[in-house]
Amino acid sequence: MKEFFCGIDLGGTKIDIGIVTREGKVIHNIKIPTEVENGPENAIKRMKETINVLLNKLDLSIEDLGGIGIGSPGPLDTKEGVILKTSNLTGWENTRIVDMLKEDFKNIPIRLENDANAATIGEYLFGSGKNHKDFVYITVSTGVGGGAIVNGHFQSGANSNAFEIGHTILNFNGPKCNCGNYGCIEAYASGTALERFAKEAIDSGEESLIKELAGEGKIKGEHIVGAAKEKDPLALKLIEDEGYYLGLSLYNVIANYNPEVIAIGGGLSNALNMFYDKMMETIKGMSLKANIEACQIKKAERSDCGLVGAAALSFYEY
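Written out as structure tokens, the structure reads:
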């Protein structure tokens with residue numbers, strides 16, 4: 001039984017590549033820029049080079065690997081190993097990433113999965129989902145995504161695109177989402193949405209420390225969080241709204257999945273303590289008291305759950 005696996009966490013800005021054990025320990029990893037504008041061939045060539053660098057550094061051969069797993073933004077055709085189309089990877093439409101990797105790694109099993117699904121598996125096996133049969137992972141960052149484990153089984157869906165929580169609609173008359181619909185959770189509760197709400201308020205004339213922290217650059221989540229720590233009124237309202245929107249979202253998750261644990265990851269999870277109280281107040285203000293009381297909501301334990309989850313695709317059966 002092989003003990004080493006390669007995980008590839010593919011993002012629009014960077015690619016995290018690592019060698020991971022069956023127990024979820026990252027032996028060594030290297031992050032490289034995606035360089036989306038240079039196309040998939042360039043990025044996949046550098047992925048191959050990085051895998052070989054890692055193997056050499058650890059004195060391993062390709063034959064020592066039990067498999068290579070890739071977590072990628074979707075939608076995907078996981079059976080054929082194809083990235084169909086994603087807004088984070090412009091120009092990567094219909095990229096046969098598995099076949100392209102197999103050109104160099106012919107005898108190694110290679111598996112492609114949605115990045116949020118891979119992160120869910122990583123957090124379930126090696127983080128806050130450990131020893132829980134009913135578990136949900138949600139990432140709140142540029143977008144909102146996640147995955148669900150029900151009675152110990154990962155919910156993949158008909159084409160590996162189940163649990164698109166970010167595109168559940170909160171308000172049909174809400175802001176337009178990148179997916180083309182209106183009022184999605186992602187259009188209300190993502191880091192991108194938080195930044196958009198801040199910009200709209202400042203553009204309409206509201207004074208805020210956020211503008212000072214951003215300077216001449218784009219408003220980012222870190223500017224809003226920083227201003228909220230200084231008790232800036234607009235920033236505090238935006239953070240409170242974030243808690244409210246996430247509360248509505250998680251209430252729906254609890255109603256549908258009745259999980260023991262919901263883990264929140266992604267960039268905005270670093271500010272979870274700031275919007276946690278409003279989020280919980282919103283959830284507890286609704287019905288299904290027994291289900292809410294049975295569910296723990298916490299910050300994800302593994303910041304690298306995307307990487308270890310991608311590696312685990314080679315040995316975790318679902």
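Mapping the sequence shown onto full-length UniProt numbering, position 81 (from 1) lands on 81, and the numbers just tick up by one.
Glycine included, C-beta positions come from ideal geometry on N, C-alpha and C.
*Using 8 Å as the threshold, is the stretch 192–205 in touch with the stretch 158–169, meaning 3 or more CB pairs across them?*
The stretch 192–205 is not in contact with the stretch 158–169.
*Quick one: what does DSSP say S72 is sitting in, helix, strand or coil?*
Correct three-state label for S72: strand.
*Is the stretch 126–146 close to the stretch 260–270, with three or more CB pairs under 8 Å?*
The stretch 126–146 is in contact with the stretch 260–270.
*Report all residues from its chain with a CB closer than 6 Å to the CB of I239; omit the five preceding and five following residues, and keep chain order.*
The answer, listed in chain order, is A228, M274 and F275.
*Identify the continuous alpha helix (DSSP H) that holds I239 and give its terminal residues.*
Looking at the DSSP string, the run of the alpha helix (DSSP H) that includes I239 is P233 to Y257.
*Classify S208 as buried or exposed, calling it buried when 16 or more other Cβ atoms lie within 10 Å of its own Cβ.*
Looking at its Cβ environment, which holds 16 or more other Cβ atoms inside 10 Å, S208 is buried.
*Use the C-beta contact count for N151: other C-beta atoms within 10 angstroms, 16 or more gives buried, fewer gives exposed.*
N151 should be labelled exposed.
*Nearest CA to the CA of E3: which residue from E206, V26, D9 and N270?*
Its Cα nearest to that of E3, the residue V26 stands out among E206, V26, D9 and N270.
*Ignore the nearest five residues each way along the sequence and tell me which others in Q296's own chain have a CB closer than 6 Å to its CB.*
Contacts found: V261.
*By Cβ distance, which residues of its chain are closer than 7 Å to C179, with the 5 residues on each side in sequence left out?*
The residues are H167.
*Can you give me the start and stop residues for the beta strand (DSSP E) that D9 sits inside?*
Unbroken beta strand (DSSP E) run through D9: F4 to L10.
*What do you reckon, are the CB atoms on S160 and N117 nearer than 8 Å?*
Yes, these two residues count as a Cβ contact at 8 Å.
*asked:* Please report the straight-line C-alpha distance between P33 and G71, rounded to a whole angstrom.
replied: Going by the C-alpha atoms only, they are around 16 Å apart.
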